[in-house]
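S.K.: Protein chains in written order, with our numbering: chain R, 1 to 260; chain C, 1001 to 1260.
Structure provided below as structure tokens; questions to follow.
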DNA sequence: TTTATATATTCTGCAATACAGAACAATTGT
DNA sequence: ACAATTGTTCTGTATTGCAGAATATATAAA
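Structure (structure tokens):
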């Protein structure tokens, strides 16, 4: 359990890198960064300078502004190769994609949200643009509901009480409704996203257990609503449940037949 | 120009993250890391603890060892979306892939090496496994030769004088031979990798200019030797040169017709 | 061209912080 | 049960990172 105080410069360094993710802007000046993070200008410069020397930022010589460095790309490669969940799940994602031809995602919990860690894209799909590493809220995604459903009660309550952001007119933004939805998810063993994050987009998601009441990740099939409806009629839900159980057994040595 | 001294903790934090890339091992203990980087145990713990709290490392509760955190994935997404080169080049990679059906890469220079920043994979290709973010040497890759050919003379000489690692029996490991090869690359306007990094694998690569003698990146087509030979007979080289010129013009506003 | 303004970068002394060593806790193996 | 190994916390101190000022550089205006 981590309790010691964080090292300031490291926190600051990463908050600079993260700023580029949240700001939506590819380039920032020293001044912008120092103001955004409320740091002294010369302090900011020292941090930026270090990150630049290490290759995690790069300076545009035209306007002197800084952008994220390409060296950051190398980590995603390593994570994909080394992460147990991604390695265990990927072949199954391929299998589902081959059978249904739709985009398949794998997501894990990440402080009150989900982060997509792997995907296999539908060929020619320009419709779904989720990039690996993206974060989404729990209440408006299929994978999020699967994860939320097996969180400890106190964590669930914190989510219910939080601001449930409206994404579409289908998003569940009412605490009581969400609580009821999650109850149904547990009972059914799978979760739907009925155009709750994007109109026209439907997902079917199932949890992958690594132990009793412990969800390692969730996998989902996403696509145009009409196409997913057809897949559902062709037994998509049961297929996903069966695959999730296989992953639990093969990758996490856990027999989750009683959880379903 | 960066001259100020780097902030120690940031350097150390990233050297921990980079250790996971080089070691090839997904999990490391505090002791292992502290020994590998020659840092005091408690110092190492402080660094690891901070990185863990920030989500860039995660602890395996089973054995207490640490692994790279999934939060690192999010950066690759942002870099891909924000990086000018990747955004400019990607559609052309798709175009080449559609026409020839082979794997297409884009790589940029990264301290005496190349780093692959984007790719479009041949469908069903399990043969080529280059992951985005991977680094390779300059002397044994098509993209590397393209970049090397337009480096300032002093940088070129440093490469020629360096240890030219043998990858296959075709790798050019002799300084004089490499110098001659690079001369030919400049003259021809493209570079080949004739099974110099992996037996059975051939690449054709061209430089993309952003200014006179300035290579922004290089793009390459890779595949089984026999298939690339066929593509070459179907005008692959000229097609690549033409596409590289289009990218230079459209993305970097540079007319490189005189360079070819 | 000169002047003014804004921002990037360097310099410097001080104080806070990150560090090393030791102590302690927890886990593993014998 | 004991020893050995390794993870985690504690603490004083020296180092390092920090803030403010000074300087350089770029941009805009006159």
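For glycine and all other residues, C-beta sits at the position ideal for the given N, C-alpha and C.
Keep in mind it's a predicted model, so treat the numbers as computed, not measured.
Is residue 1240/C helix, strand or coil when you go by DSSP?
M.R.: In the second chain, residue 1240/C corresponds to position 240, counting from 1. DSSP places residue 1240/C in helix when its eight states are reduced to three.
S.K.: Quick one: is residue 1177/C near chain R, going by C-beta distance under 9 Å?
M.R.: Translated into positions along the second chain, residue 1177/C becomes position 177. So no, residue 1177/C is outside the interface.
S.K.: Between the Cα of residue 190/R and those of 161/R, 177/R, 171/R, 150/R, spot the shortest distance and give me the residue it belongs to.
M.R.: Locating residue 190/R in the first chain gives position 190, counting from the first residue. The candidate whose alpha carbon is nearest that of residue 190/R is 150/R.
S.K.: Any idea what DSSP makes of residue 160/R, helix, strand or coil?
M.R.: Translated into positions along the first chain, residue 160/R becomes position 160. Three-state result, residue 160/R: helix.
S.K.: What's the gap between the Cα of residue 1120/C and the Cα of residue 111/R?
M.R.: Indexing the second chain from 1 puts residue 1120/C at position 120. Indexing the first chain from 1 puts residue 111/R at position 111. C-alpha separation (whole angstroms): 32 Å.
S.K.: Which full runs of the alpha helix (DSSP H) of 4+ residues lie inside the region 5-81 of chain R, going along the chain?
M.R.: 8-23, 30-36, 41-54
S.K.: Going by DSSP, what residue range makes up the beta strand (DSSP E) through residue 184/R?
M.R.: The residue given as residue 184/R occupies position 184 in the first chain. Element bounds for residue 184/R: not the beta strand (DSSP E) but the alpha helix (DSSP H), 175-188.
S.K.: For residue 1130/C, I'd like the list of residues in its chain whose CB is within less than 7 Å of its CB, leaving aside the five on either flank, ordered along the chain.
M.R.: Your numbering for residue 1130/C matches position 130 in the second chain. Excluding positions up to five away in sequence, the list reads 1105, 1116, 1119.
S.K.: Select from 1004/C, 1164/C, 1207/C the residue whose C-alpha is nearest the C-alpha of residue 1243/C.
M.R.: Indexing the second chain from 1 puts residue 1243/C at position 243. Considering only alpha carbons, the answer is 1207/C.
S.K.: Would you say residue 204/R reaches chain C, if we count a Cβ-Cβ gap shorter than 9 Å as a contact?
M.R.: For the purposes of this step, residue 204/R is taken as the residue at position 204 of the first chain. So no, residue 204/R is outside the interface.
S.K.: Taking the alpha carbon of residue 96/R as the point to measure from, which residue in 253/R, 255/R, 251/R, 241/R has its own alpha carbon closest?
M.R.: Within the first chain, residue 96/R is the residue found at index 96, counting from 1. For residue 96/R, the nearest C-alpha among the options comes from 241/R.
S.K.: Have a look at residue 196/R and residue 141/R and give me their C-alpha separation to the nearest angstrom.
M.R.: Translated into positions along the first chain, residue 196/R becomes position 196. Translated into positions along the first chain, residue 141/R becomes position 141. Straight-line Cα distance between these residues: approximately 7 Å.
S.K.: How would you call residue 226/R, buried or exposed, if buried means at least 16 neighbouring beta carbons within 10 angstroms?
M.R.: To locate residue 226/R, count along the first chain from 1; it is residue 226. The residue in question, residue 226/R, is exposed, as its Cβ has fewer than 16 Cβ neighbours within 10 Å.
S.K.: Checking contacts by CB at 9 Å: is residue 100/R closer than that to chain C?
M.R.: Locating residue 100/R in the first chain gives position 100, counting from the first residue. So, not an interface residue.
S.K.: Which same chain residues end up closer than 7 Å to residue 55/R when comparing Cβ atoms and leaving out the 5 residues on each side of it in sequence?
M.R.: Taking the first residue of the first chain as position 1, residue 55/R is located at position 55. Excluding residues within five positions, the ones whose Cβ falls inside 7 Å are 69, 71.
S.K.: Would you kindly work out how many angstroms separate the C-alpha atoms of residue 88/R and residue 1178/C, rounded to a whole number?
M.R.: Translated into positions along the first chain, residue 88/R becomes position 88. Translated into positions along the second chain, residue 1178/C becomes position 178. Going from the Cα of residue 88/R to the Cα of residue 1178/C covers about 42 Å.
S.K.: For residue 1132/C, does the three-state DSSP call read helix, strand or coil?
M.R.: As a working mapping, residue 1132/C is identified with position 132 in the second chain. Residue state, collapsed to three classes: coil.
S.K.: Would you say residue 1115/C lies against chain R (beta-carbon separation less than 9 Å)?
M.R.: Your numbering for residue 1115/C matches position 115 in the second chain. So yes, residue 1115/C belongs to the interface.
S.K.: Quick one: Cα of residue 1152/C to Cα of residue 1213/C, how far?
M.R.: Counting from 1 along the second chain, the entry for residue 1152/C is found at position 152. Counting from 1 along the second chain, the entry for residue 1213/C is found at position 213. Answer to the nearest angstrom: the Cα atoms are 9 Å apart.
S.K.: What span of residues does the beta strand (DSSP E) with residue 226/R cover, start to end?
M.R.: In the first chain, the residue the question calls residue 226/R occupies position 226. Unbroken run through residue 226/R is the alpha helix (DSSP H), 225-233; no beta strand (DSSP E).
S.K.: Mind checking residue 42/R: buried by the 16 CB within 10 Å criterion, or exposed?
M.R.: Here residue 42/R refers to the residue found at position 42 when the first chain is read from its first residue. With fewer than 16 other Cβ atoms inside 10 Å of its own Cβ, residue 42/R counts as exposed.
S.K.: Reducing DSSP to helix, strand and coil, say where residue 1142/C ends up.
M.R.: As a first step, residue 1142/C is located in the second chain; it is residue number 142 there, counting from the start. Helix.
S.K.: Rounded to the nearest angstrom, what separates residue 1257/C and residue 1013/C at their Cα positions?
M.R.: Indexing the second chain from 1 puts residue 1257/C at position 257. Indexing the second chain from 1 puts residue 1013/C at position 13. Each residue's Cα considered, the two are about 45 Å apart.
S.K.: State the start and end residues of the unbroken beta strand (DSSP E) segment that holds residue 1201/C.
M.R.: Counted from its first residue, the second chain places residue 1201/C at position 201. Element bounds for residue 1201/C: 1201-1211.
S.K.: My understanding is that residue 135/R touches residue 114/R, with C-beta atoms under 8 Å, so please give their C-beta distance in whole angstroms.
M.R.: For this step, residue 135/R is matched to residue 135 along the first chain. For this step, residue 114/R is matched to residue 114 along the first chain. At roughly 7 Å, the Cβ-Cβ gap stays under 8 Å, so residue 135/R and residue 114/R are in contact.
S.K.: With 9 Å set as the bound, which would you pick, yes or no: does the beta-carbon of residue 104/R sit closer than that to a beta-carbon of chain C?
M.R.: Here residue 104/R refers to the residue found at position 104 when the first chain is read from its first residue. Closer than 9 Å: no.
S.K.: Mind checking if residue 1150/C is an interface residue toward chain R, Cβ cutoff 9 Å exclusive?
M.R.: Walking along the second chain from the start, residue 1150/C turns up at place 150. Not an interface residue.
S.K.: Given a cut-off of 9 Å on the beta-carbon distance, is the pair residue 1049/C and residue 4/R in contact?
M.R.: Here residue 1049/C corresponds to residue number 49 of the second chain, with the count starting at 1. Here residue 4/R corresponds to residue number 4 of the first chain, with the count starting at 1. Going by C-beta atoms, residue 1049/C is nearer than 9 Å to residue 4/R.
S.K.: So for residue 1246/C, helix, strand or coil by DSSP?
M.R.: One-based indexing of the second chain puts residue 1246/C at position 246. Residue state, collapsed to three classes: helix.
S.K.: Taking the alpha helix (DSSP H) that residue 97/R falls in, what are its first and last residues?
M.R.: The residue given as residue 97/R occupies position 97 in the first chain. 84-100 is the extent of the alpha helix (DSSP H) around residue 97/R.
S.K.: Determine whether the Cβ of residue 10/R lies closer than 9 Å to any Cβ atom of chain C.
M.R.: For the purposes of this step, residue 10/R is taken as the residue at position 10 of the first chain. With 9 Å as the cut-off, residue 10/R counts as an interface residue toward chain C.
S.K.: Which class does residue 147/R belong to by DSSP, given the choice of helix, strand or coil?
M.R.: Start at 1 with the first residue of the first chain, and residue 147/R comes out as number 147. Residue state, collapsed to three classes: helix.
S.K.: May I have the straight-line CA-CA distance separating residue 62/R from residue 1253/C, to the nearest angstrom?
M.R.: Reading the first chain from its first residue, position 62 is the one you call residue 62/R. Reading the second chain from its first residue, position 253 is the one you call residue 1253/C. Approximately 14 Å between the Cα atoms of the pair.
S.K.: Using a Cβ cut-off of 8 Å, pull out every chain C residue sitting near residue 7/R, in sequence order please.
M.R.: What you label residue 7/R is simply residue 7 of the first chain in a count that begins at 1. Residues of chain C passing the Cβ test: 1009, 1013, 1046, 1047, 1050.
S.K.: Taking only three categories from DSSP, how would you classify residue 1002/C?
M.R.: On the second chain, residue 1002/C is found 2 positions in, with the first residue counted as 1. The predicted position of residue 1002/C is uncertain, since its pLDDT is 48 and thus under 50; a value taken from the coordinates is nonetheless stated next. DSSP, read as helix, strand or coil, puts residue 1002/C in coil.
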